[in-house]
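S.K.: Residue numbers (my numbering), protein chains in the order written: chain A, 1 to 270; chain B, 1001 to 1236; chain C, 2001 to 2296.
Here a beta-carbon is modelled for each residue, glycine too, at the ideal position from N, C-alpha and C.
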Amino acid sequence: MADSRHHAAVAAPAATHVVVKDVAKGYPGVRALAPIAFSVQPGERLALAGPSGSGKTTLLYLLAGLLQPDAGQLCIDGRDLAEMRPGRELARLVGMVHQQYDLVSSLPVLHNVLAGRLGQWSLAGSALSLIWPRERHLAEEALARLGIADKASQRTSRLSGGEQQRVAIARLMLQSPRIILADEPVSSLDPALAEEMMRLLVDLVEGSGKTLIASLHSPYLIKKYCTRVIGLRQGEMQFDLPAADLTEAVLDRLYDLDRRRPENGAIRQE
Amino acid sequence: MDWGGSLIHSGGGGAARTFFLALFPPDLSPEFLRISLAATWPTLAYAVAGMTVAVLIGLPLGILASGTVISVPRLRWPVALASRFSLGGMRAIHELVWAVLFVAAFGLSPLVAVLALGIPYGGILGRIYSELLHDVPPEPLRALRTAGASPVRQLLYGRIPLALPDMVGYTFYRFECAIRSAAIMSFVGIQGLGYQLQLSLNDLLFRQVWTLLLFMLVLVVLVDQWSSLVRRKLAS
Amino acid sequence: MEARERPTRSASASPKPGGVVRLSMLGLLALAAASWGYLVFGVDRDFPNLLAADTWQGAGRLLGQMLGRDSTSPPAYTQWDRWLETGKLAYQTLTMSVLAIGLAGIGVLVTFLPAARNVSHGGLGGASSRPWRVLHHVIRLVYNLTRAVPELVWAMIIVFFLSPGLLPGAVALALHNFGIVGKLSAEVVENLDPAPSRALRAAGASNTQMLLYGILPQALPHFLTYLLYRWEVVIRTTVVVGFVAAGGMGREFRLSLSYFHYTDVALLLMWYMILVTGVDLLSALLRRMALPPPVR
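1) Go ahead and pull the three-state DSSP assignment for G87 (chain A).
2) Within the continuous beta strand (DSSP E) that includes L212 (chain A), where are the two ends?
3) Which chain B residues sit within Cβ distance under 8 Å of S106 (chain A)?
4) Please confirm if Y1121 (chain B) has its CB atom under 7 Å from at least one CB of chain A.
5) For T2298 (chain C), does the count of other Cβ atoms within 10 angstroms reach 16, so buried, or fall short, so exposed?
6) Using only the alpha-carbon positions, how far apart do L1028 (chain B) and S1200 (chain B) sit?
7) Out of B:V1069, B:L1108, B:Y1121, point me to the one whose CA is closest to I1093 (chain B)'s CA.
8) Within 10 Å of its beta-carbon, does Y2262 (chain C) have 16 or more other beta-carbons around it, so buried, or fewer, so exposed?
9) Counting only runs of 4+ residues fully inside the stretch 140-186 of chain A, write out the alpha helix (DSSP H) ranges in chain order.
10) Grab the span of the beta strand (DSSP E) containing I230 (chain A) for me, first residue to last.
11) Quick one: what does DSSP say L27 (chain A) is sitting in, helix, strand or coil?
12) In chain B, which residues lie less than 9 Å from K103 (chain A) when you measure between Cβ atoms?
13) Under three-state DSSP, which class holds D80 (chain A)?
14) List, in order along the chain, the chain C residues whose C-beta lies closer than 8 Å to that of R1174 (chain B)?
15) Using a Cβ-Cβ cut-off of less than 8 Å, give me the residues of the stretch 2100-2120 of chain C that come near chain B, in sequence order.
16) Output yes if chain A places a C-beta closer than 7 Å to the C-beta of A1147 (chain B); else output no.
17) Hey, could you find the ends of the alpha helix (DSSP H) M294 (chain A) is sitting in?
18) For R2117 (chain C) and H2137 (chain C), what's the separation of their Cα atoms in angstroms?
19) What in chain B is Cβ-close to I2157 (chain C), meaning under 8 Å?
20) Does the beta carbon of L1975 (chain C) sit closer than 7 Å to a beta carbon anywhere in chain B?
21) Is the beta carbon of Y225 (chain A) closer than 7 Å to that of A168 (chain A)?
22) Quick check: V2241 (chain C) and L2166 (chain C), are their CB atoms within less than 7 Å of each other?
23) Drop a sphere of 10 angstroms on the beta-carbon of A9 (chain A), count the other beta-carbons inside from all chains shown, and report buried for 16 or more, exposed for fewer.
24) Does the beta carbon of G1004 (chain B) sit closer than 7 Å to a beta carbon anywhere in chain C?
25) Which residues share a DSSP beta bridge with R45 (chain A)?
26) Give every residue of the same chain whose Cβ lies closer than 7 Å to the Cβ of A142 (chain A), excluding the five residues on either side of it in the sequence, and list them in chain order.
27) Does the beta-carbon distance from M1090 (chain B) to G1123 (chain B) come in below 7 Å?
28) Could you tell me which whole alpha helix (DSSP H) segments of length 4 or greater appear in the stretch 1008-1060 of chain B?
29) From the DSSP secondary-structure annotation, give me the bridge partner or partners of A71 (chain A).
30) Against chain C, with Cβ distances strictly below 7 Å, would F1106 (chain B) count as a contact?
31) What whole-angstrom Cβ distance do A2186 (chain C) and A2115 (chain C) have, given they're in contact under 8 Å?
32) What three-state label does DSSP hand G116 (chain A) in the structure shown?
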């Protein structure tokens, strides 16, 4: 906890981007997130680490506006997230990469990419675009930058995992939000694809002052691609460090279950 | 239960034998085949026209009944329940009962038969569409939401594309049923296979009856094959 | 990122998605256009002008007559004894539907195993012989024929042999639904997981034992579910079959319409809705019992 206070003090003077003020969230019978507070500067690449059930996904969903906090306040550029209109306004500020990319498998790749513009298009424009694609050049440029320009008119379900990952990134490029959230972006990938995914995400934010917040487990990826890491456990913040200062010992303590959970033995017997 | 004396007509057994023997062979004379073929087209046409009405009824009501597009929470469930109720009312009544009532109200015309077919089929399609649209996997929709898509845009870019293969498959299956329903519209005086069949039955021309039954068989099997081909392609 | 340097190919170079599906959709559109064209221009009778006032006056008049607005005597649905009288017919109609489903069910139970390709062709490790394969094709043909002919047409034919009443209607309904449920049940068996049957066979089970223990337990819940779904359709159709087979409410419905007893028609429709709703609810309940949720 001492670490986090130290970090917040250093960050205060610059134009603060994301501020999480004592935010708490629970589900029936479960406390998902204890009151938690931190802020993130533009251009930071923040990793959220912690065992499953530690509140990483809840925190990301709160930032994406998919969940509302029970207590506390989430602010982006000084504006309360709860007062922003979902869709149009929020989509310009916050975008998200999901665990399985979660594309619409039966649509052609082109429309999955253009879906990044849905927050800005009128309803009639969105509907007509399914027949006569609008702003096609944007999607084609994005796909070309990612090296899959030839896939534009294929059914998304026919693509490989690595290609689908690029389609999800292309959608994010069209949405072009200031803050990019990534929920376990590499959890189901082999090491080579995982590195590529991280490189794609970093390319997206680097040099444009955009912010990346991703849940990650691998200390190697955290150190290589992130600038800062927050450790979560059972909804509480355990540490908040510059990524370079992350050591195996710190991470082991975060994930170590045996010593801290007395009921663990009972679970094993099942 | 009182069966009212004998179950079989006097002479019913003989009639049955005559009827089944008439299958060997059915009437395959060129002029009757021509009549049968000519009677197949109206049956198919009424079925197709009825299905277009059914889709036009079933799609909008099914979307509303799925409770997934209206973002105002206070309106969503009243609208969904009203849609479900009206779909239920449409499919509660058999297409021929609709036809008899419509003929009494409007007089006999092709439109009456098409509407009588389209209304109960629309009720069935709407119910199935609403279930399919409702049961779409939530993850792609959540991803669209974080890209800024409203519920209606999520419907257009997520729910409908994801449910479409099943929706098309089911519609095709109902098309096969609609052919049979179109054939019995002869009961209110609509042309087609059923009409010819009634004429042949009245004249006790059982060999012609078998020819017409075989035409129905071929028509239904052809549509069945077509629909399972399309369903297989959509599933892959 | 070396891939970025790859030249952009135009979208037209990509393969065509789903040729069969696209052709089918175009075919359906053409069929729809031809059908509407035929109905609007090719049929002698005129379309009623739905914008004309007298079209709707006709409908309004019918509705008024059904509600008993024009008649001097009180409408049928306000009289308790008429409710009872019609209720008896509704009960007959219900009996007809149960009888039909029962007959269809028995017919399917006797035939659906040889109708399944994997049973009759030895795909489950059973014996395959020529008579079994012939039987398979014969049953499938009978399924297709009985399924392809609508209930009402069967009824029109059957009244030549059977005395008017509940039975011809029930047999007509049973024939059609025998074809439908038979086809569906045979397909269930064809899609069954073959592993349990093969294991039984390996353990030395006879053909009959394999069918009884390996296939029937898996297939029966589906069979019952289909039968109950069809019951919901049958109850709607009994009235229609009654038009010609003279059983239950159908005959009364037709007579009331032709004698312009419109309040009777209204009362019959009310009973019809009660029957349909009741059977839908009962069937949903029984279906839940037939297919219990998987045990955790």
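M.R.: The answer reads as follows:
1) coil
2) 211-215
3) P1161, L1162, L1164, P1165
4) no
5) Nothing about residue 2298 (chain C) can be reported from this structure: the residues present for chain C run from 2001 to 2296 only.
6) 14 Å
7) B:Y1121
8) buried
9) 161-175
10) 228-233
11) Reading the sequence as shown, one finds Tyr at residue 27 (chain A) and not Leu. Three-state result, Y27 (chain A): strand.
12) It should be pointed out that residue 103 (chain A) corresponds to Leu in this sequence rather than to Lys. Ordered by position in chain B, the residues that pass the 9 Å Cβ test against L103 (chain A) are P1140, A1143.
13) strand
14) Here the premise fails: no neighbours, minimum Cβ distance about 12 Å.
15) none
16) yes
17) The requested residue 294 (chain A) is not part of the displayed model; chain A covers only 1 to 270.
18) 9 Å
19) F1019, L1201, V1209
20) Limits of chain C in this structure are 2001 at one end and 2296 at the other, which puts residue 1975 (chain C) out of reach.
21) no
22) no
23) Any reading at A9 (chain A) needs caution, since the residue's pLDDT is 42, under 50, leaving its predicted position unreliable; the model's value is listed next. Exposed, since its Cβ has fewer than 16 Cβ neighbours within 10 Å.
24) Residue confidence for G1004 (chain B) is low, a pLDDT of 47 falling below 50, so the modelled location carries little weight; the figure read from the coordinates is stated next. By this cut-off, G1004 (chain B) is an interface position.
25) A:L212
26) V113, A170, M173, L174
27) yes
28) 1012-1021
29) A:A24
30) yes
31) 4 Å
32) helix
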